[in-house]
Amino acid sequence: MSIPNPINAASPHRSAIVKASAGVGKTYLLVTRLIRLLLLDVKPDAILAITFTRKAAAEMQSRLYERLYSLATASESALSKELDNIGVDNTPAIHSKARGLYEHMMRNERQIKTCTFHAFCQDILRKFPLESDVPPGFELLDDEPSYIAAAWDALYEEVTLAPESPVAQALEQLYDHVNGLANTQSALGSFINQRSDWWAYTAGEEDPVQYATDKLLQELNIDLDASPYLDFFTADTKEDIVSISTLLSKHDTKTNLGYVDKLQMLTNSIAFDGILSEKDLEFWMDLLFSVLYKTNGDIRFDKPVNARAKKMSPEGEDKFLELCTSLCRKINTAKETAKKQHNYYLNAAWYVAGEALLKHFQQIKLQQRLLDFTDLEWRTFALLNHSENANWVQYKLDQRIEHLLVDEFQDTNPTQWRLLLPLMQEFVTDTDRLRSVFLVGDEKQSIYSFRRADPKLFTTASEWLQSHLQAEAFPMDKSRRSASPIMHLLNSIFQSDQFKNTLPGFHPHSTFLESTAGAVEMLPLVEPAENNDEAIIFRNSIITPLPQEDDCYYREGQQIAEKIQYLLNEETIEHNGKRQNISYKDIMILIRSRKHLSSYETALREADIPYISNNKGTLFECQEIQDLIALLEVLYTPYNNLSLATVLRSPIFNCSNEDLSHLSVITKSVESHCWFDVLVDENHQSHWSSALQHAAKCLKQWHQNIGILPIHDLLDSIYHQADIFSQYHTSVPSHFRNRVKSNLTQFLSLALDIDSGRYPSLGRFIAKLHSLMQNDASPDEVAEGNDDGAVKILTIHASKGLEAPVVFLADAADKNREKSKSYSTLVDWPEEERKPTHFLLCPRKDKQVNLVSQLLQEQARKELVENANLLYVALTRARQFLFISGCGKGEINKLGWYGTIHQHWPADNLTQKLPETTAITNDNNAPLSNTENVTSFNFFSYQESQDQETSENKTDDIEDDKAQQRGTVIHRAIELLSKNTTDEQSAIKEQLCAEFRLDISSDYFLQLFNEACNTVNHQAFSNWFDNTKFDQAYNEMSVQVKYRNGLKHGIIDRLVVNDNTVTIIDYKTHPVKNKKELHVIADAYQSQMQLYINAVKKLWPGANVKTIILFTHPLYCVELFKA
């Protein structure tokens, strides 16, 4: 059977389903279809392209315009070749149209709609707010955990005020059935998370809770009035148990006598008196069950035993087994009925309490005109399927959308599929216009079940399109990404018997990169250290730390780091037909979860390997952020001595332990309890060290500003006055600096990001921070480093859609341990059904009925498939080098993916060498593709701006700490000296020493301070520092200017305005005296100074702008751009 040419899928005259494996070029094909639609004169706004992330939507748009630009500027021969490649006829008319598409799209006000599912839903709801019953002008919720917490508060208030209400009784019943508050919150939290499925399950029902309970009662097929345990514990049952006990006592082994004691305890109890409740009788049933059943659930006495028969006699043995078998049948019947009743009452209470909690959650959002992503999907689904206006809305949309393209369809959830279906159904009935649907997906790459994604929907949608729109399927399994060794390993694993049932749709993969070098290697398995059963010793916990435990994941990280260093020194990769050295940015480390992320990060840091790693929800756990939160708490509640101590000892003020002890002593001596009041009291300033004096001055001023400045402005002033970036830069190890700086910037932005910055007071902002922490909603840490020169550490889920020349799959020996499903939601929504068929709360294991067991088995099957998909995605991220690493020991078939890969390792060596004729190039400084479309933000603070080349041709990115400190101190000293205040030099010296932790009497400090004084007082520089010779002057002036398609930020050291002349002065502290060398250094800053000129001309239009590079050491200046 011949495989259709994938390029034919781009034809706009047919609907198509593209089953695209990893790295085969599906985005190219999708963009090709867009181009062919435009060449067919389809209106851009009649095309809707949907994907699942904003990044993917932006990339689709970017790729389209790149291709259109290429068509517009290509030579005739290149244009003809490209049109041939995409399956378009080469005619003069088509050539002319292809060249004009770029301009046509740039001038067209109505563009192709490339968006996410949520953006598509949001657009529909904004256009039809009344029909969809949403608040007009609604906003999107960005802090769901806080609103769920508010819903819990409202629920507690409701049941407290009405303790006899059905909701209160249901909540109490649920509490009893799940054994405690934590499980109750978990069960109802699961209900909230699956609310979209609940709405679908009860759609169209007047009373959702009654419908769900009635349906469950019917499925369980039980009599709620039955008393299974009361009916079991009868006189006849007692007689049987006595007989079993008597016979068993004859075989008087120690174990059997223990069973006899339990049976006699039961027969002597009141269990048979008919006065106990079902719940009380459950204890006696469990006691009997423990005698007649093994712990694995098998019947204990189900076969003859010769030794027992000798003691009982053969007749007694037969009677014993008959009694046990009969009694076990009765037990099974009673327990099954009791389980069904438990499941019914558990779910009935869950439905009532869950619906009540959900109503509070929805009501709180409605009051503030907010919708979340789940609301967007569900409201759109309901609008297009169930509302009275569904047909009219579908008609209006149908007039706008003629061609629908959906990427990554395997990640679609049932709600999304059902909201798309009405749109596609309109395509079937409309035969007057050219209409088409284009789906791209791959079931093997479906890894987002936690977002309700169902890969089987891709099959369902494909079959629907083939049946109703005669769509054609186009398989794509030939990679344009990965080298042969990687494809060879992939085929060896997924064509094995182990995966034939898990991934039945897997077809052998090939690659266009047959000649590209590549290798796959399994690194040695890192085994955990043996546990040393040493004697417990007592230790002084203050002076003796806990013994260091072995961290095998840290040792695995060391092994990876060592391999990275080897690759950088010894191996090369191919890029655009050339061989080049491997750099850090070419390497990606993949992990299944963040559980051991810190161990890998530590190993990389200690090896001085830069990395990018997004830590989810851990921003508030970082020490520098805790310092800032403590600072805000001190300003709002000055009596918080513990927070003040944290702030004083932090790099913000760098006070010593002796300073804190002294402050404590003075506070006690004046009979006060508040350190803050004593610290800022002017009567005590003479008692303090320079560090404490600086802290007192700053804290007093900031405290006065909390009722005046908005929170963002307050934080901004704190950052500036305390020079936060510089303080932390000099206080943390070099390998932490990028991360700390990024986190500090992220915290500053929170003042604007959280609820759009609508905080009138510091107290409310602090309360919001604590709310985020309590609800586990802390923002993520910002990625460390920059994207160009760092190893990337990603979870496999986060790596979807990415690739790298070198990939390490770490922690591959981790076993995929089954998680408990107790008190989680079980949803069964078959692909062919319009709504879920089951919506249940899973009880604990010993209470699960057959219905629940069947649903759990199906869920386990899906998890097995997703685990295989996850491995497929991980392996296919690699272009040339793939390394498998793991920690563990034991049998190879029990070592997770590491064992799986080892078992299916191909017989031949998975290595393909580079051809010897290829030249080696170091392309590390080559421009990245698409840089013109990337918005770049650069931040310069004191320590970064001085003595550091910022021109585009900078050659030295790293300065030693001494040089940085030198420049920072001189900059700050000139700033203070040039203000011409009444402060004496002694006060300025003390301030500088406090800020930079320097000895005021040291030769080093005096040298730096004198250099700053000489600069400010130098006669040749008087026009810039003598305030009688200019109109106005600004120090450390922050500017930003457009640069390419982004913004560049910078800080002008000093700007002097006199009449119509504006002078930009940039200090350089290079200790150089050779004038020729000084001019060479100054010339390197022309690019930076030109950006400053552009910014200044926007502020002073028409002014004469001069630029001066002022060298403080030789007291020499160079004017750039001299007329």
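If you're matching positions, the sequence shown starts at 361 in this note's numbering and goes up one per residue.
Each residue gets a CB set at the ideal place from its N, CA and C atoms; glycine is no exception.
Fair warning: this is a prediction, and the values are worked out from it, not measured in the lab.
Item	Value
Near L1224, what residues of its chain come up, given a Cβ to Cβ distance below 8 Å and the 5 sequence neighbours on each side ignored?	T862
Which residue's Cα is closest to the Cα of A1150: V1376, D946, I1012 and E1350?	D946
Using the three-state DSSP reduction, which class does T474 fall into: helix, strand or coil?	strand
Can you tell me where the alpha helix (DSSP H) with C1477 in it begins and where it stops?	No alpha helix (DSSP H) holds C1477; the beta strand (DSSP E) holding it covers Y1476 to L1480.
For D405, I'd like the list of residues in its chain whose CB is within less than 8 Å of its CB, leaving aside the five on either flank, ordered along the chain.	R470, Q471, I472, K473 and R760
Going by DSSP, name the residue or residues bridged to I317.	This structure gives no information on residue 317, because the portion of the chain shown stretches from 361 to 1483.
Pick out whichever of A380, I1156 and S1180 has its Cα sitting closest to the Cα of S546.	S1180
By the DSSP assignment, the beta strand (DSSP E) with Q940 in it spans what residues?	K938 to N941
Could you pull the start and end residues of the beta strand (DSSP E) that T411 belongs to?	I407 to T411
Using DSSP with H/G/I as helix, E/B as strand and the rest coil, what is H763?	strand
Do H1044 and the ligand MG come close, with the Cβ less than 6 Å from some heavy atom?	Absence of the ligand MG from the depicted structure is noted, as is the absence of any ligand whatsoever, leaving it without description.
For Q1240, which three-state DSSP category applies?	strand
What residue from Y516, K1428 and Y1079 has the CA that sits closest to N1474's CA?	According to the sequence provided, residue 1474 is Pro. The question's Asn does not apply to it. When each option's Cα is compared against that of P1474, the closest is K1428.
Short check: CB of A511 to CB of H720, under 7 Å?	yes
So, helix, strand or coil for Y1427, using DSSP?	strand
Report buried or exposed for R486, applying the criterion of at least 16 other Cβ atoms within 10 angstroms of its Cβ.	exposed
Let's see if you can read the secondary structure: which residues bound the beta strand (DSSP E) around E931?	Where E931 is concerned, there is no enclosing beta strand (DSSP E), given that its DSSP letter is neither H nor E.
Anyone know if the C-beta pair for I582 and F477 falls short of 7 Å?	no
Where are the beta strand (DSSP E) runs, 3 residues long or more, that stay fully inside the region 1445-1474, in chain order?	1464-1471
By DSSP, does G1145 sit in helix, in strand, or in coil?	Low confidence applies to G1145: its pLDDT is 46, below 50, so where it sits in the model is not reliable enough to give any reading.
Mind checking which residues open and close the alpha helix (DSSP H) that includes K670?	N666 to M672
What residue from N1000, L1211 and L1104 has the CA that sits closest to L577's CA?	L1211
What residues are listed by DSSP as bridge partners for H1409?	Q1400
When you compare only the Cα positions, how much space is there between F1299 and Q1106?	Because F1299 sits at a pLDDT of 28, beneath the cut-off of 50, its placement in the model cannot be relied upon, and the point is left open.
Helix, strand or coil for C1058, going by three-state DSSP, please let me know.	helix
On the CB-based measure, 16 or more other CB atoms within 10 Å of its CB, does I807 come out buried or exposed?	buried
Leaving out five residues on either side along the sequence, give the residues of the same chain with a beta carbon under 8 Å from the beta carbon of L1352.	V1329, R1332, A1333, L1336, L1358, F1365 and F1369
Could you pull the DSSP bridge partners for F498 from this structure?	According to DSSP, which records beta bridges pairwise, F498 is partnered with nothing at all.
Is Y1183 helix, strand or coil when you go by DSSP?	coil
Please state the DSSP three-state secondary structure of F1385.	helix
Helix, strand or coil for P505, going by three-state DSSP, please let me know.	helix
Tell me the rounded alpha-carbon separation between L683 and K671.	17 Å
Does the Cβ-Cβ distance between L829 and S375 come in under 7 Å?	yes
With a cut-off of 8 Å on the beta carbons, I'd call E1163 and R841 a contact; round off their distance for me.	6 Å
Please classify Y1394 as buried or exposed, where buried requires at least 16 other C-beta atoms within 10 Å of its C-beta.	exposed
So, at 8 Å on beta carbons, what are the nonlocal neighbours of E1218 in its own chain, with the 5 sequence-adjacent residues on each side left out?	D1188
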